[in-house]
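> For what it's worth, this note's numbering labels the leading residue of the sequence shown as 0, then goes sequentially.
Where is the CB? At the ideal position from N, CA and C, for every residue including glycine.
Keep in mind it's a predicted model, so treat the numbers as computed, not measured.
Quick one: the structure is below, questions incoming.
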Amino acid sequence: MIPRIQTLNEKKLVGRRLTMSFADYKIGELWRTFSPRRKEITNNLTNDLISLVVYKPNHFADFKMTNEFERWATVEVSTFDNVPSEMETFDLQGGLYAVFDYKGLNTDNSIFQYILGTWLPYSDYVLDNRPHFEVLGDKYKNNDPISEEEIWIPIKTK
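Structure follows, in structure tokens:
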């Protein structure tokens with residue numbers, strides 16, 4: 000699987016966040032609190048959902064299943080006006096990303112093992128310390144083997 004290398008412009012996101020680890024993975028809880036209220040966000044730029052992760056700088060260098068990170072359930076907005084109660088804003092800074100078009104179950108982590116363990120070490124890039132995210136568009140279907148999404152990995156040249 001070959002990614003496209005793309006420069007992302009800054010995005011304004013609104014949503015909810017939850018601290019978790021891979022050992023205590025609470026993504027279902029996060030989306031259950033966000034999804035019923037997402038229609039309250041009135042200035043969306045698209046219908047896409049963005050599932051974003053903020054890792055600590057040493058998360059992968061000293062990887063443990065118990066390392067905590069922040070996971071966000073968001074949508075992109077034009078402005079931060081009228082943010083619904085109990086939701087937060089996130090400024091996603093721009094930069095270089097490797098974008099993988101993934102088709103398959105969202106619970107199959109082998110794609111991330113491939114990206115981080117196979118593609119990245121043999122590429123001209125290293126991970127950059129910026130958020131990772133997935134764009135869940137019209138073809139995304141939760142827990143469906145024909146689901147499609149975009150996986151955005153922050154990179155910089157070696």
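What would DSSP say about S50, mapped onto helix, strand or coil?
In this structure, S50 counts as strand in the three-state DSSP scheme.
> Mark S77 as exposed unless 16 or more other C-beta atoms lie within 10 angstroms of its C-beta, in which case mark it buried.
Counting Cβ neighbours within 10 Å, S77 comes out exposed, since fewer than 16 surround it.
> Classify L44: buried if its beta carbon has 16 or more other beta carbons within 10 angstroms, exposed otherwise.
Exposed: under 16 other Cβ atoms inside 10 Å.
> Any idea what DSSP makes of F89, helix, strand or coil?
Strand.
> Specify the secondary structure class of E147 as computed by DSSP and reduced to three states.
The answer is strand: DSSP assigns E147 an E or B state.
> Tell me the rounded alpha-carbon separation between Y54 and Y101.
Using only the alpha carbons, I get a separation of about 21 Å.
> Nearest-angstrom Cα distance between T6 and V98?
Their Cα atoms are separated by approximately 10 Å.
> If we ignore side chains and look at the alpha-carbon of each, how far apart do S20 and F59 end up?
For S20 and F59, the distance between alpha carbons rounds to 13 Å.
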